[in-house]
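K.L.:
Mapping to this note's numbering: the sequence shown position 23 is 37, numbers consecutive. The beta-carbon is built from N, C-alpha and C at its ideal position, and this holds for glycine as well. Before I ask anything, let me first share the structure, which is written out below as C-alpha cells.
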Amino acid sequence: MNKKIKLPSFLFFDGAMGTELQRRGLPLGKPPEILNIENPSLVEEVHRDYINSGAMVIETNTFGGNRLRLRKSGLEDKIKEINQKGVEIALKASRGKVLVAGSVGPLGELIEPLGNLTEEEAEKIFSEQIELLVNSGVDFILIETMISLNEALIALRSAKKFHILVGVTMSFEWTERGGRTPFGYEVESSIKKLEKAGADFVGANCGKGFEDMLKIAPLVRKSTNLPVLIQPNAGLPKWENGQLIYPENPENFKKFVEEMIKLNINYIGGCCGTTPKHIEVFKEFNK
Ligand SMILES: [Zn+2]
C-alpha cells in the first residue's frame, strides 16, 4: 500500500496519549500499547475526545511498539497485533474525518558506537514496526521524541522505504549552549540533516515544557523551509497525592499556541501531560 499524501500547510495535532491513558487508570510502568489489545475502547475514547476537542490529526497508540521495547515488557510476540490494532482503533475513531499518524518512538537502546545495537539491526527493527503501521493504513508516519540524531536518521531511512510521508520531531531542551537534545545534538544542525535526509516535515516535541519550547521553536523554524511541527510537554510533572500532575494549564497552552502561530509554525499539538482540555483551545483559533 504505497501512498504519499500531501498535507495542508496548517494542522492542529492531538495531545498526549501515554499520560492521558495513565490519567484514565493505566498503571505507571505498564506499557500504554498493551491497551490496544486489552482495552481498545479506552484508547478509542482518548482519540475521540481529542477529535471532539478540535484535533485534525490523531496519533496511533504505538509509540513504544517496536520489538526491542516490547521485549522489555514481555510483549515481543504481540508486536503485530499491537501495531495493527493501534491503527485500527485510530482509523475507527477518525471516521475518515481526521488524519491518522503512525507514531514511532525511539528503540530504547543505544546504537553503536554508544551501545551494542548495530545500525543494520536498528533499521530492521524500525522497518518492522513501520511496515506494520503502513500496511494497516496510517496516512503518514511520525517519528518522535528522538534524542539521538543518528537514531532519528535511521528511523527516517526505514520509513522512506515504504514511500509514505514521514515527519520527524526531536526532543530538545534549552541549555546554556542553546537548544540541545539530552545527547547533545543541537537544533539547527539536526533539523538541517533531517531535511537533507528527506523528511517531509520536521520539528520538536516533548522536552521540559512551554518555556523551553518557546526558545526552541524559533530555532527550528529558521533552520528549514519544510513544514514544522511543535508538540510541547505541559511542563515537568510533580507528584501530588499519588498522581503525576503537569503544571501547564489549557489557558497557558492557548498563549503558547498564539506564539506558535505568530512564528508561522505549521503544525501544533501537545506531548506529555496535555489533555483534551488543552487541545480544546484550538477551537478558539480560526485558521
Ligand atoms: Zn512527551
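1) Tell me the rounded alpha-carbon separation between Ile244 and Ile155.
2) What does DSSP give as the partner residue(s) for Thr195 in the beta ladder?
3) Give me the Cα-Cα distance between Asn80 and Tyr64, rounded to the nearest whole angstrom.
4) Can you list the residues near ligand 1, meaning Cβ strictly closer than 7 Å to any non-hydrogen atom, in the order they appear in the chain?
5) Val112: which of Leu21, Glu262, Ala213, Phe224 sits nearest, CA to CA?
6) With a Cβ-Cβ cutoff of 7 Å, do Phe224 and Phe186 count as a contact?
7) Here's the rule: buried if 16 or more other CB atoms are within 10 angstroms of the residue's CB, otherwise exposed. What is Asp226?
8) What residue from Asp28, Ile19, Lys18 has the CA that sits closest to Lys297's CA?
9) Determine the direct distance from the alpha carbon of Val101 to that of Gly193, and round the result to whole angstroms.
10) State the beta-bridge partners of Ile72 as determined by DSSP.
11) Among Leu82, Ala30, Ile178, Ile157, which residue has its Cα nearest to the Cα of Glu123?
12) Thinking C-alpha only, which one of Ile282, Ala248, Arg235, Thr183 is nearest Pro120?
13) Are the beta-carbon atoms belonging to Ser12 and Phe77 less than 7 Å from one another?
P.N.:
A quick look at the data gives this:
1) Taking the straight line from one Cα to the other gives about 16 Å.
2) None; Thr195 has no bridge partner.
3) Cα atoms of Asn80 and Tyr64: separation of roughly 25 Å, rounded to the nearest angstrom.
4) Cβ-based neighbours of ligand 1 within the cut-off: Ala30, Thr159, Asn219, Cys220, Asn247, Cys285, Cys286.
5) Residue Leu21 is the option with its Cα nearest to Val112.
6) In this structure, Phe186 does not lie closer than 7 Å to Phe224 by Cβ.
7) Per the 10 Å Cβ criterion, buried.
8) It is Asp28.
9) C-alpha separation (whole angstroms): 33 Å.
10) In DSSP, Ile72 forms a bridge with Val114.
11) Comparing alpha-carbon positions, the option among Leu82, Ala30, Ile178, Ile157 lying closest to Glu123 turns out to be Leu82.
12) When each option's Cα is compared against that of Pro120, the closest is Thr183.
13) There is simply no residue 12 to check, as the chain begins at 15 and stops at 301 in what is shown.
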